[in-house]
Amino acid sequence: MGRRGPPGSDPRTPGALMRRGCLALALALLGCSRFAILHDALSANEHNDLGVAYESSGDRQAAAREYRRALRGDPRLARARVNLGNVEAAAGRWKSAEHQYRLALAVAPGDADARNNLAVALLRRRRSLDEAEWLARSAVALAGRRDTIARATLSEVRAAARRR
1 MGRRGPPGSD PRTPGALMRR GCLALALALL GCSRFAILHD ALSANEHNDL GVAYESSGDR
61 QAAAREYRRA LRGDPRLARA RVNLGNVEAA AGRWKSAEHQ YRLALAVAPG DADARNNLAV
121 ALLRRRRSLD EAEWLARSAV ALAGRRDTIA RATLSEVRAA ARRR
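No gaps in the numbering here: position 160 of the sequence shown is 160 in the UniProt record's numbering, and each next residue is one more.
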């Protein structure tokens with residue numbers, strides 16, 4: 001009988017059998033394995049930032065997905081709520097946008113963008129113009145030097161109220 005391996009490597013020895021068994025087990029496990037992500041490597045803020053990048057490139061669906069992931073990581077992240085509301089608003093889903101802005105204000109009542117955008121959502125839905133005006137006025141006061149958009153919203157709300 002000829003040799004099958006290096007001298008002293010009889011395949012029937014307990015050590016050789018153990019090595020072959022371990023190899024067979026490893027191959028079986030690799031063949032049946034699936035990868036599971038147990039921990040998200042990105043923080044809530046990083047998911048929000050990724051959403052902003054997707055949104056700026058025009059991929060609103062991917063942006064919304066990232067904003068939702070951010071909110072799963074930190075439900076109190078008002079910026080992600082406002083951003084998700086903005087995606088909803090851009091798609092004309094004003095009721096959903098209103099809901100997101102209200103959730104943002106529940107955790108960050110002083111957020112000028114959330115107040116302004118909620119005022120716009122109410123205006124687009126032709127609802128609660130008094131509340132929309134109050135929100136727009138408070139957004140102007142809170143926005144400081146960045147009040148241009150809030151002032152434009154306030155003017156638009158007042159014009160809609162006059163047309164009523």
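Idealized CB from N, CA, C, for every residue including glycine. Just so you know, these numbers come straight off a predicted model, no measurement behind them.
- Counting only residues of its own chain and dropping the five nearest sequence neighbours on each side, A121 has a CB closer than 7 Å to the CB of A89, W94, A97, E98 and Y101.
- If you check the CB distance, N45 and N86 do not come in under 8 Å.
- Residue burial is scored here from C-beta neighbours: T148 has fewer than 16 other C-beta atoms within 10 angstroms and is therefore classed as exposed.
- The C-alpha of D59 lies about 21 Å from the C-alpha of G73.
- The alpha-carbon separation between L123 and H39 amounts to approximately 41 Å.
- For P75 and R164, the gap between their C-alpha atoms comes out near 38 Å.
- Take the alpha-carbon of A108 and the one of Y54: they are about 24 Å apart.
- Annotation for A91: R60 place their beta carbon closer than 8 Å to its own, counting only its chain and skipping 5 residues before and after.
- A distance below 8 Å separates the beta carbons of A150 and A112.
- DSSP, read as helix, strand or coil, puts G73 in helix.
- For R79, the secondary structure class from DSSP, reduced to helix, strand or coil, is helix.
- The continuous stretches of alpha helix (DSSP H) do not include L42, and DSSP gives it neither H nor E.
- It is roughly 7 Å from the alpha-carbon of L50 to the alpha-carbon of E66.
- Distance from the CA of G144 to the CA of R69, rounded to the nearest whole angstrom, comes to 31 Å.
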